[in-house]
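So that you can map any letter, position 208 of the sequence shown is 218 in this note's numbering, and since no number is skipped, the others follow by simple counting.
Glycine residues also receive a C-beta, built at the ideal position from the N, C-alpha and C atoms.
Read through the structure below, which is laid out as structure tokens, and then see the notes.
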Amino acid sequence: MRQSPAHTDDPSDIFLRAYMTSQQAEKLEHDNQFKAALAKYRSAGTLIEDLQKNHSDWQPAIVEYRGRKIGESILRVQDKAATQSDLTAARAAAPQASNEAAVKEATKKLNDKIDQLQTDLGKSRTQLESAQKEKESLSGRLEETNSKLTQAQSELDKSKGELEKTKGAERQARDQLAKAQDTLKKAEASGTGGDKSQQALRAEIARLKDALTAAEEQRLAAEKAKEQAGAKATEANKQIASVTKERDAALAQLKGAKEPEKRVQVLIAENNDLKQKLANAEKSVRELSADKPKKEKELADVKTQLEQLRGQLAASQKQNQEYETKMVAMRSQLDDLSTQLANAKLKGSTPEETAKLRKENDMLRAIVVRERQEEARREQSKKLLFA
């Protein structure tokens, strides 16, 4: 079940709908369609009641004034509708029932259309706020991950320096060991130096072997530390790439968060994709036709795909046309209301009522201007997409 607009829409949007609905009711009343007018007045009254209930602090004086005027209209039209029913019941009961059903159906469709347009606007605002929050969250995560990368890079540079040191110490120990072993061999071969000197050389060789073993262990530890630091840096880079991708996606969503513009983008993308596929399929048909004896089955498959793509393209173009029709109807409603407001007689029975009429008129003009600006932004977005 669809939620009541009063709980989901901006109060100015609700008031605009109530006013437009009451204007429609006035036209129906003027055309002596009293039952349809009564339904419209009651619908407008329900919107005003919801507005007073859920947004009691929004323009209370104007809302109270408009609610009172609608209530007076309901009482007036009720009497007219009852009189009209008594006069026509005997001779036109069946046609009247049919006409009432048609009026109710038309009224329902129009109200549903207005509700849908207002719901679309509400969804756009909600998506915009959500995309903004997501962008901020991802930017924070990106900054945190960049900090981790900087730390990992620092550890990697430090590990590289330690590795070079241990390699130098290992080379030095190997050189000293080789030199000592060479000296011992020469002493043993020549028989010089005596036992004490040779024992000292052997002890030095043993010490150098221990030093070499320690240097090798340090080098291995430094290499392991370098690998770990490199792995950390690689992981941080992966995280940055992932978060950057998410942030870019959030930014793209933020730029296209308005539902009407987003819908236009989707439809245009679908159209372009289908047109490209259609062109590719037609090219395949031409190429395969040149080698028909060998490619008969492939040609049949491609033709089937071609027909499917044509059907999808036609459906997508129909969606485009329906959306455009919807926007044109919305513009027409705003144009009618703007004209009514410009030509409205702003003189009440009392100075106080005149002041309320003028204030209400000014407020409605401002709401209409805002709706026109929203429409202009949607139109500009569509032009940019088609450029």
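Near residue i, which residues of its chain fall below 6 Å by C-beta distance, leaving aside the five closest residues on each side in sequence?
{"i": "S83", "result": "Y51"}
{"i": "L26", "result": "I377"}
{"i": "E256", "result": "L148"}
{"i": "G55", "result": "I80"}
{"i": "G358", "result": "T364, L367"}
{"i": "R151", "result": "V253"}
{"i": "T335", "result": "none"}
DSSP three-state call for residue i: helix, strand or coil?
{"i": "N4", "result": "A query on residue 4 cannot be resolved here, the shown segment of the chain reaching from 11 to 397 and no further."}
{"i": "T360", "result": "coil"}
{"i": "Q128", "result": "helix"}
{"i": "H40", "result": "helix"}
{"i": "Q186", "result": "helix"}
{"i": "V379", "result": "helix"}
{"i": "Q69", "result": "coil"}
{"i": "L261", "result": "helix"}
{"i": "D20", "result": "coil"}
{"i": "G240", "result": "helix"}
{"i": "G321", "result": "helix"}
{"i": "G178", "result": "helix"}
{"i": "G77", "result": "helix"}
{"i": "G201", "result": "coil"}
{"i": "Q34", "result": "helix"}
Go ahead and label residue i buried or exposed: buried means 16 or more other beta carbons lie within 10 angstroms of its beta carbon, across all protein chains shown.
{"i": "R181", "result": "exposed"}
{"i": "K45", "result": "buried"}
{"i": "T31", "result": "buried"}
{"i": "D311", "result": "exposed"}
{"i": "T117", "result": "buried"}
{"i": "R76", "result": "buried"}
{"i": "D23", "result": "buried"}
{"i": "A260", "result": "buried"}
{"i": "Q1", "result": "Outside the displayed range of the chain (11 to 397) lies residue 1, so it cannot be described from this structure."}
{"i": "A324", "result": "exposed"}
{"i": "R78", "result": "exposed"}
{"i": "E381", "result": "buried"}
{"i": "S53", "result": "buried"}
{"i": "S157", "result": "exposed"}
{"i": "L284", "result": "buried"}
Considering only C-alpha positions, which residue in the set the options is nearest to residue i?
{"i": "L394", "options": "L222, H40, K366, Q275", "result": "Q275"}
{"i": "L173", "options": "R368, A260, K236, P21", "result": "K236"}
{"i": "E165", "options": "Q331, K242, R135", "result": "K242"}
{"i": "R229", "options": "A179, E154, Q186, A262", "result": "A179"}
{"i": "L57", "options": "A291, N42, D20", "result": "D20"}
{"i": "S95", "options": "N42, K234, R380", "result": "N42"}
{"i": "K37", "options": "A289, Q390, L347", "result": "L347"}
{"i": "A251", "options": "T176, V379, E153, A231", "result": "E153"}
Excluding the 5 residues preceding and the 5 following residue i in the sequence, name in chain order all residues of the same chain whose CB lies nearer than 7 Å to its CB.
{"i": "Q350", "result": "Q33"}
{"i": "E214", "result": "A190"}
{"i": "K170", "result": "K236"}
{"i": "Q208", "result": "L194, A197, E198"}
{"i": "K287", "result": "L319"}
{"i": "E39", "result": "A47, V87"}
{"i": "Q383", "result": "none"}
In its own chain, which residues sit with a C-beta less than 8 Å from the C-beta of residue i, not counting the 5 before and 5 after it?
{"i": "L48", "result": "A35, I84, V87, Q88, A91"}
{"i": "R212", "result": "L194"}
{"i": "V73", "result": "F25, I58, L61, Q62"}
{"i": "L222", "result": "E180, A183, R184, L187"}
{"i": "N10", "result": "Lying outside 11 to 397, the shown extent of the chain, residue 10 is not represented and no answer is given."}
{"i": "E292", "result": "L316"}
{"i": "R296", "result": "none"}
Does any residue of chain C have a CB that is nearer than 9 Å to the CB of residue i?
{"i": "A46", "result": "Within the model displayed, chain C is absent; a lone protein chain is all it includes."}
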